[in-house]
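Everything in the sequence shown is counted per the UniProt record's numbering, starting at 1 for the first residue and increasing by one. Don't be surprised by glycine CBs; every beta carbon is placed ideally from N, CA and C.
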Amino acid sequence: MGHILFCGPSGFGKTTMAHIIAKQSGVNMKVVTGYAINKPAEIVSILNSLEE
């Protein structure tokens, strides 16, 4: 499975669904809150911190 981006209002279960998919797929995941990203450099920093 490739990358997945969930979007929608708070309280709709996006994070819960992501955790379920990650667990069933046997992969790690990183949760990032979109409103916490203010500059493109912050996205680069997040991506660089990911492990394969």
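Please report how far the alpha carbon of residue i lies from the alpha carbon of residue j, in whole angstroms.
{"i": "Ser49", "j": "Lys30", "result": "10 Å"}
{"i": "Met17", "j": "Glu42", "result": "25 Å"}
{"i": "Thr15", "j": "His3", "result": "14 Å"}
{"i": "Leu5", "j": "Phe12", "result": "14 Å"}
{"i": "residue 64", "j": "Ile37", "result": "The structure shown does not extend to residue 64, since the chain spans only 1 to 52, so no value can be given for it."}
Determine the contact status of residue i and residue j, defining contact as a CB-CB distance below 7 Å.
{"i": "Val32", "j": "Ile46", "result": "yes"}
Using CA atoms only, rank isn't needed, just tell me which of the options is closest to residue i.
{"i": "Cys35", "options": "Pro9, Glu51, Lys23", "result": "One detail in the question is off: residue 35 reads as Tyr in this sequence, not Cys. Among Pro9, Glu51, Lys23, the Cα nearest to that of Tyr35 belongs to Pro9."}
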